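Asks:
Residue numbers (the working numbering): 526 to 815.
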């Protein structure tokens, strides 16, 4: 796809960026060539703006590895080894790495992000589809996914964690911001959130669940250790913890919010090592045996 100055001007670019275009591409030029030239000239942000305006292509860049200052590609990146950049990696469609992805800035894909190794971003991590890593996932900023997120090791988020689908985490999950999950949340270890945890379906943790805000799930919540929140604990169905269940001071513990009261004995059970203080709904069933 070729971009002309009139075509670009219709998108109302910033004055500085448009002057750059007129100096270097007065007669217009190929879309991807323009993205590459902007990145090479240290204008990765302008390249990202251009990609946002004109959208993805079906082009595929297949290489052994990427080691660069930045890369902005309108199609898909298919990398057999590692991806490493000093600032940003952005693709209009997918980012696939046969090794690891290590970026000193954001990692953004219009569709899936997948790595056979780990994914580490010193900025945000954003995918329109799934995010999958054979090792761990770490981002200094927000993590957002339009699909599922799956990692064999830890999931470490320095900002908000916002998922449209499920989360499957092999070990611990830590988030410095709120956790919102459109389906279910599973972790083999602890789940720790520095804000609210809000999951549409169910939550299962092999370890403890700790939340600095409200803890809420549309289905049930199960913890292999302690279940603790500084706000309220609310579940549509049952609550199970191998150890204690604690809501914050002045807040209650609610089970069975989406279940008819006649079904509480089977579908809104509350089990823990001791009966939770402030248990407002659900059926206390004694210590958990599972």
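Glycine included, each C-beta is placed from N, C-alpha and C at the ideal position. Please read all numbers here as calculations on a predicted model, not as lab measurements.
Taking Cβ positions, are residue 680 and residue 656 nearer each other than 7 Å?
Replies: Along the chain shown, one-based indexing puts residue 680 at 155. Along the chain shown, one-based indexing puts residue 656 at 131. No, Cβ-Cβ distance for residue 680 and residue 656 is not below 7 Å.
Asks: Since residue 731 and residue 754 should fall inside the 8 Å C-beta cutoff, what is the C-beta to C-beta distance between them, to a whole number of angstroms?
Replies: Reading the chain shown from its first residue, position 206 is the one you call residue 731. Reading the chain shown from its first residue, position 229 is the one you call residue 754. About 18 Å; that fails the 8 Å criterion.
Asks: Give me the Cα-Cα distance between residue 788 and residue 767, rounded to the nearest whole angstrom.
Replies: Looking up residue 788 in the chain shown gives position 263. Looking up residue 767 in the chain shown gives position 242. Their backbone Cα atoms lie some 23 Å apart in a straight line.
Asks: How many Å lie between residue 778 and residue 646 at the Cα?
Replies: Looking up residue 778 in the chain shown gives position 253. Looking up residue 646 in the chain shown gives position 121. If you take the alpha carbons of residue 778 and residue 646, they lie about 37 Å apart.
Asks: Given this structure, state the Cα-to-Cα distance separating residue 582 from residue 618, to the nearest angstrom.
Replies: Numbered from its first residue, the chain shown carries residue 582 at position 57. Numbered from its first residue, the chain shown carries residue 618 at position 93. Each residue's Cα considered, the two are about 8 Å apart.
Asks: Is residue 569 helix, strand or coil by DSSP?
Replies: Here residue 569 is taken as the residue at index 44 of the chain shown, counted from 1. Reduced to three states, the DSSP call for residue 569 is helix.
Asks: DSSP three-state call for residue 697: helix, strand or coil?
Replies: By 1-based counting over the chain shown, the position of residue 697 is 172. Residue 697: coil per DSSP, three-state reduction.
Asks: Which one of 616, 690, 747, 644 has the shortest CA to CA distance from residue 627?
Replies: The residue given as residue 627 occupies position 102 in the chain shown. Out of 616, 690, 747, 644, 644 has the C-alpha closest to the C-alpha of residue 627.
Asks: Would you kindly work out how many angstroms separate the C-alpha atoms of residue 562 and residue 601, rounded to a whole number?
Replies: To locate residue 562, count along the chain shown from 1; it is residue 37. To locate residue 601, count along the chain shown from 1; it is residue 76. Each residue's Cα considered, the two are about 18 Å apart.
Asks: Among 699, 574, 611, which residue has its Cα nearest to the Cα of residue 648?
Replies: Along the chain shown, read from residue 1 onward, the residue named residue 648 stands at position 123. Among 699, 574, 611, the Cα nearest to that of residue 648 belongs to 611.
Asks: Is the Cβ-Cβ distance between residue 838 and residue 742 less than 7 Å?
Replies: Nothing about residue 838 can be read from this structure; the chain reaches only from 526 to 815.
Asks: For residue 758, collect the residues of the same chain with a Cβ closer than 6 Å to its Cβ; drop the 5 residues on either side in sequence, then sort them by chain order.
Replies: Working through the chain shown from its first residue, we reach residue 758 at position 233. If we look at residue 758 and ignore the five residues flanking it on each side, its Cβ neighbours are 740, 772, 778.
Asks: By DSSP, does residue 787 sit in helix, in strand, or in coil?
Replies: Residue mapping note: residue 787 aligns to position 262 of the chain shown, counting from 1. Three-state result, residue 787: helix.
Asks: Alpha carbon to alpha carbon, what distance is there between residue 806 and residue 791?
Replies: As a first step, residue 791 is located in the chain shown; it is residue number 266 there, counting from the start. As a first step, residue 806 is located in the chain shown; it is residue number 281 there, counting from the start. Whole-angstrom Cα-Cα distance: 13 Å.
Asks: Taking the CB atoms as reference points, tell me whether residue 667 and residue 690 lie closer together than 7 Å.
Replies: Here residue 667 corresponds to residue number 142 of the chain shown, with the count starting at 1. Here residue 690 corresponds to residue number 165 of the chain shown, with the count starting at 1. In this structure, residue 690 does not lie closer than 7 Å to residue 667 by Cβ.
Asks: One question on the structure: do residue 631 and residue 608 come within less than 7 Å of each other, judged by their Cβ atoms?
Replies: Position 106 of the chain shown, counted from the start, is the residue given in the question as residue 631. Position 83 of the chain shown, counted from the start, is the residue given in the question as residue 608. Cβ atoms of residue 631 and residue 608: not closer than 7 Å.
Asks: Excluding the five sequence neighbours on either side, which residues of its own chain have a C-beta within less than 7 Å of the C-beta of residue 678, listed in chain order?
Replies: To locate residue 678, count along the chain shown from 1; it is residue 153. If we look at residue 678 and ignore the five residues flanking it on each side, its Cβ neighbours are 660, 661, 695, 696.
Asks: Rounding to the nearest angstrom, what Cα-Cα distance links residue 652 and residue 811 in this structure?
Replies: The sequence position of residue 652 within the chain shown is 127, counting from 1. The sequence position of residue 811 within the chain shown is 286, counting from 1. Roughly 43 Å between the two C-alpha positions.
Asks: For residue 721, which residues from the same chain have a beta carbon less than 6 Å from its beta carbon, with the 5 sequence-adjacent residues on both sides left out?
Replies: Indexing the chain shown from 1 puts residue 721 at position 196. Correct list, in chain order: 703, 738, 739.
Asks: Bridge partners of residue 603, per DSSP?
Replies: Position 78 of the chain shown, counted from the first residue, corresponds to residue 603. According to DSSP, which records beta bridges pairwise, residue 603 is partnered with 587, 621.
Asks: Ordered along the chain, which non-local residues of its own chain (more than five positions away) have a Cβ less than 6 Å from that of residue 714?
Replies: Counting from 1 along the chain shown, the entry for residue 714 is found at position 189. Once the five neighbours on either side are set aside, the close Cβ partners of residue 714 are 696, 697, 731, 732.
Asks: So residue 693 and residue 705 are in contact, right, with Cβ under 8 Å, and what is the actual spacing, rounded?
Replies: Locating residue 693 in the chain shown gives position 168, where the first residue counts as 1. Locating residue 705 in the chain shown gives position 180, where the first residue counts as 1. That belief does not hold up - the Cβ atoms of residue 693 and residue 705 are roughly 16 Å apart, past 8 Å.
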